[in-house]
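Note sheet for the following structure.
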Amino acid sequence: MKKFLAIVLCLVMALSLFGCGGSGNAGGEGSEGAEPVVITLGHALSDGTPASNGINDFAARVEKETEGRVSFDIYPNSQLGNETEMIEQMQLGQLDAGAIMVGTFQTIDQKFAIEDLPYMWNGIESARAAYDGAFGDYMADLISQYGMTEIAYVEWGFRHITNNKGPIVEPEDMKGLNIRISPAALREDAFKQVGAIPTQMSFSELYSALQTGVVEAQENPLPTIVAAGFAEVQDYLSLTGHFYNTVMFVINTDVWNKISEEDQAIILAAAEDMEKEVRVNNDASTEANIQALKDAGMQVNDDVDKEAFREAMLPVYDKWEKDVFGEELMDVYRSCSGW
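Here you go:
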């Protein structure tokens, strides 16, 4: 969808240049005469991860190719607040753009919680194709109803469980395990299905909570586990891959409409390349991250019975389809799931 829009915008730009010798924008003025647009962007991603690096490279490319007409002022690592707070800032017009986990947008529409369905994709290629296709289009249309324009989906990856009790292989290994989760009702329901004790807690509190034993376990993608130094306070990593996270890069629609059609096309082309680059870098860094955690002393196991976990957690699908998502959204999901 974004590729099609970028092509259309490029054609509009070309026709404009052919017909009048200048480039048009959404406000009807040429880009040469327009004021530079500086976009304040906030996200919670850790520095040095493929997703964070991808956003930085994207911003540098956009500024260069637009010759400074569009630039990004980036605040990583939750410098502007947690993801929920940044969504509120965007809604109030205090923040121009955000790179926010899809599931976090459930604070404004519960349908975004669908990202928290456990084992929802039959492999990473199914997940990527879904966000490139109908499922990603549905999420983009949904967020547009709240004054935000989707620019890119930045892969964060599969989430895995670390703990201090032992390897997680079967659902039974989760019984009684006090595991920290981010504030999300569907995640809580999913872990309760396997007998765990999910504790909602902000990420900023997590390291000390693990260190002091307030919680025994946590779940995050590999780049986060490495960047946060959890190997210092956790002994076991089990590659459960139970949730798949994607960051939705959105710009306030009013801000987006200030950008010329020419520069919108540049942004969308750079965003599409960023999506691909981050995926490649995630794939390349997976083994390195696992090795880094092993070198730090963690015991890593990949013999997780994912089929048993998915079967045990499936009851949340029916509950949330009935109560929250509805048949239309779930049909879009099912058509892309790969199952």
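Letter by letter, the sequence shown follows residues -7 to 331 in this note's numbering. Using N, Cα and C, we set each Cβ at its ideal position, and we do this for glycine too.
Buried or exposed: which applies to residue i, given that a residue is buried once 16 or more other Cβ atoms fall within 10 Å of its Cβ?
i      : result
Ser327 : exposed
Gln256 : buried
Ala26  : buried
Lys298 : exposed
Lys250 : buried
Thr96  : buried
Gln71  : exposed
Glu320 : exposed
Asn69  : exposed
Gln98  : buried
Asp275 : exposed
Asp337 : Outside the shown range of the chain (-7 to 331) lies residue 337, about which nothing can therefore be said.
Gln192 : exposed
Ser15  : Confidence is the limiting factor: at Ser15 the pLDDT is only 32, short of 50, which leaves the residue's position unreliable, though a coordinate-based value still follows. Buried.
Considering only the alpha carbon of each residue, which of the options lies closest to residue i?
i      : options                          : result
Asp265 : Glu80, Glu147 and Val94          : Glu147
Ile66  : Glu57, Thr32 and Val94           : Thr32
Gly115 : Phe235, Ala176 and Glu267        : Phe235
Val54  : Lys314, Ile258 and Val207        : Ile258
Arg271 : Asp310, Ile47 and Met78          : Ile47
Leu285 : Thr58, Glu142, Glu77 and Leu214  : Leu214
Asp152 : Asp133, Phe222 and Thr204        : Correcting the residue identity first, residue 152 is His in this sequence and not Asp. The shortest Cα separation from His152 among Asp133, Phe222 and Thr204 belongs to Phe222.
Val94  : Ala144, Tyr111 and Glu57         : Ala144
Gly90  : Gly40, Met166 and Thr141         : Thr141
Trp248 : Trp113, Thr216, Ser63 and Arg302 : Ser63
Give a yes or no on whether the C-beta atoms belonging to residue i and residue j are separated by under 9 Å.
i      : j      : result
Tyr325 : Ala201 : no
Val292 : Ser230 : yes
Ile343 : Asp88  : In the structure displayed, the chain extends from -7 to 331; residue 343 sits before or after that span and is not available.
Lys103 : Val316 : yes
Ser196 : Ser174 : no
Pro190 : Arg179 : yes
Met240 : Ile135 : yes
Asn170 : Ala182 : no
Val308 : Leu109 : yes
Ile92  : Glu80  : no
Thr154 : Gln83  : no
Gly233 : Phe127 : no
Glu57  : Ala262 : yes
Gly139 : Met78  : no
Ignoring anything shorter than 3 residues, give me the beta strand (DSSP E) runs that lie fully in the stretch 200 to 284, in order along the chain.
209 to 213, 228 to 230 and 236 to 244
Note down, one range per segment and in chain order, each beta strand (DSSP E) of at least 3 residues found wholly within the stretch 290 to 326.
291 to 293
Mind listing, in chain order, the continuous alpha helix (DSSP H) runs of no fewer than 4 residues lying wholly within the stretch 27 to 97?
42 to 57 and 75 to 83
Does the stretch 276 to 288 touch the stretch 155 to 165, meaning 3 or more C-beta pairs lie closer than 8 Å?
no
Report the residue ranges of all beta strand (DSSP E) runs contained in full by the stretch 136 to 212; include only those spanning at least 3 residues, in chain order.
140 to 155, 170 to 173 and 189 to 192
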